[in-house]
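Residue numbers (my numbering), protein chains in the order written: chain B, 5 to 170; chain U, 0 to 181.
Following: one structure in structure tokens, then a few remarks.
See the structure below:
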């Protein structure tokens, strides 16, 4: 009888720990992984001053370390570092992040860019039910003096890790 | 002999003319409109505080930015946003297809502190900002030049993350405010 009680207690504790782990995982936002999508840019070409608009496919590796955020935009071989803040009213579901491209400075070298995105973590009653989504804007000074604003739209696709760097 | 000298002279002059033409075609245009002066206008921002609260400021009116064209590089400009107490450097690009009445240009500015965070750390420099703005200059008449539309992203001094629209800033004074470089 005593052994049964002990076994039951052990099972209950184990189940509670497992449940706690799942709930914690479901409620915390971790944006790390490979994201795919598109950005659409509108602006002026530096070469001849004409209007230029273009869509661009994006594959972005994202690494989150606490509230620090790192983007590696594979297609353009550009990297960004910045930070996120979780929405105060729904910290497990939404947030905002601002990142700056690694070469960016007051001297405005080519590829200077600042990005701000809102992200959504689809959950229902604390359980993850869909992919993360990320959308936002950037101000971009591209090669040859091209000047653009861009709209980003990305969806989390798969797990991936990469150490943040600049 | 005289004809030979003449041919050589013509050839030399022709070569020089061709060289000048090539240099003129290949060299980047040094011309750029000047944004120098004091501009007054409105801005609307949406921001997320460092605690994660979202808010909208509504329209902030009669904001002032002062801009000076760099003395050495006419495309380079130095800007001071009075209400935000923030300095910027920016690059102006003339748009093609301007008429005799108006000229358009775009500019991208970065505030002086703008830089990425340290990899793995949430330490984005406060006051980081990039601005994209469209200008319309009136070449005839008395209509004021204007910053027609603008858009900026900010990581502000209070840790908030802001997205702002700049609306119809007008150049109320073209006196050089002598804004220094970053």
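The beta-carbon is built from N, C-alpha and C at its ideal position, and this holds for glycine as well.
Practice prompt. Look at the alpha carbon of residue 103 of chain U and the alpha carbon of residue 96 of chain B, and state the distance between them as a whole number of angstroms.
Written response: Numbered from 1 along the second chain, position 104 holds the residue referred to as residue 103 of chain U. Numbered from 1 along the first chain, position 92 holds the residue referred to as residue 96 of chain B. The alpha-carbon atoms of residue 103 of chain U and residue 96 of chain B are separated by roughly 45 Å.
Item to complete: Kindly indicate which residue of U:69, U:82, U:97 has the alpha-carbon position closest to the one of residue 89 of chain U.
Response: The count along the second chain starts at 1 and reaches residue 89 of chain U at position 90. When only C-alpha atoms are compared, the closest one is U:69.
Item to complete: Would you check if there are 3 or more beta carbon pairs closer than 8 Å linking the segment 30-40 of chain U to the segment 160-178 of chain U?
Response: yes
Item to complete: For residue 165 of chain B, I'd like the list of residues in its chain whose CB is within less than 7 Å of its CB, leaving aside the five on either flank, ordered along the chain.
Response: Walking along the first chain from the start, residue 165 of chain B turns up at place 161. Contacts found: 36, 67.
Item to complete: For chain B, find out if any of its Cβ atoms is closer than 8 Å to the Cβ of residue 138 of chain U; answer yes or no.
Response: For this step, residue 138 of chain U is matched to residue 139 along the second chain. So no, residue 138 of chain U is outside the interface.
Worksheet entry | Per-residue burial, residue 170 of chain U [other beta carbons within 10 Å of its own, 16 or more giving buried] | In the second chain, residue 170 of chain U corresponds to position 171, counting from 1. That one is buried.
Worksheet item: Hey, how far is the Cα of residue 92 of chain U from the Cα of residue 148 of chain B?
Response: The sequence position of residue 92 of chain U within the second chain is 93, counting from 1. The sequence position of residue 148 of chain B within the first chain is 144, counting from 1. Whole-angstrom Cα-Cα distance: 11 Å.
Discussion item. Just to confirm my understanding: we take residue 85 of chain U, look at its own chain, exclude 5 residues before and 5 after, and list those with CB closer than 8 Å. What are they?
Written reply: Within the second chain, numbered from 1, the residue matching residue 85 of chain U stands at position 86. For residue 85 of chain U, where only same-chain residues beyond five positions count, the Cβ hits under 8 Å are 79, 110, 111, 126, 128.
Discussion item. Only counting the same chain, and skipping five residues up and downstream in sequence, which positions put a Cβ closer than 8 Å to that of residue 177 of chain U?
Written reply: Walking along the second chain from the start, residue 177 of chain U turns up at place 178. Within its own chain, the residues whose Cβ lies closer than 8 Å to the Cβ of residue 177 of chain U, once the five positions on either side in sequence are excluded, are 67, listed in chain order.
Practice prompt. Could you spell out where the beta strand (DSSP E) holding residue 102 of chain U opens and where it closes?
Written response: Indexing the second chain from 1 puts residue 102 of chain U at position 103. Taken as a continuous stretch (DSSP letters only), the beta strand (DSSP E) holding residue 102 of chain U covers 101-110.
Worksheet item: Do you know how far the Cα of residue 156 of chain U is from the Cα of residue 33 of chain B?
Response: Residue numbering aside, residue 33 of chain B sits at position 29 when the first chain is read from its first letter. Residue numbering aside, residue 156 of chain U sits at position 157 when the second chain is read from its first letter. Taking the straight line joining both Cα atoms gives about 26 Å.
Worksheet item: Is residue 85 of chain B helix, strand or coil by DSSP?
Response: In the first chain, counting from the first residue as 1, residue 85 of chain B sits at position 81. Looking at residue 85 of chain B - three-state DSSP - the assignment turns out to be strand.
Practice prompt. Kindly list, in the order they appear in chain U, the residues whose Cβ is closer than 8 Å to that of residue 48 of chain B.
Written response: As a working note, residue 48 of chain B is residue 44 in the first chain. What residue 48 of chain B touches in chain U: 92, 94, 105.
Fill in: Limits of the unbroken beta strand (DSSP E) element including residue 197 of chain B
No answer is possible for residue 197 of chain B: the residues shown for chain B start at 5 and end at 170.
Discussion item. With the cut-off set at 8 Å, would you say residue 133 of chain U and residue 144 of chain U are in Cβ contact?
Written reply: For the purposes of this step, residue 133 of chain U is taken as residue 134 along the second chain, with counting starting at 1. For the purposes of this step, residue 144 of chain U is taken as residue 145 along the second chain, with counting starting at 1. Contact: no.
Worksheet entry | Enclosing beta strand (DSSP E) for residue 67 of chain U [first to last residue] | The residue given as residue 67 of chain U occupies position 68 in the second chain. Start and end: 53-68.
Worksheet entry | residue 141 of chain B versus U:141, U:150, U:146, U:139, residue with shortest Cα-Cα distance | Looking up residue 141 of chain B in the first chain gives position 137. Selected option, being the one with the closest Cα: U:150.
Discussion item. My parser needs the beta strand (DSSP E) runs of 3 or more residues fully inside the segment 77-154 of chain U; what are they?
Written reply: 85-93, 101-110, 127-137, 145-154
Worksheet item: Taking the Cβ atom as the reference point for each residue, do residue 50 of chain U and residue 72 of chain B lie within a distance shorter than 8 Å?
Response: For this step, residue 50 of chain U is matched to residue 51 along the second chain. For this step, residue 72 of chain B is matched to residue 68 along the first chain. In this structure, residue 72 of chain B does not lie closer than 8 Å to residue 50 of chain U by Cβ.
Worksheet item: Tell me which same chain residues have a C-beta within less than 7 Å of the C-beta of residue 107 of chain B, skipping the five on either side of it?
Response: In the first chain, the residue the question calls residue 107 of chain B occupies position 103. The residues are 113, 115, 116.
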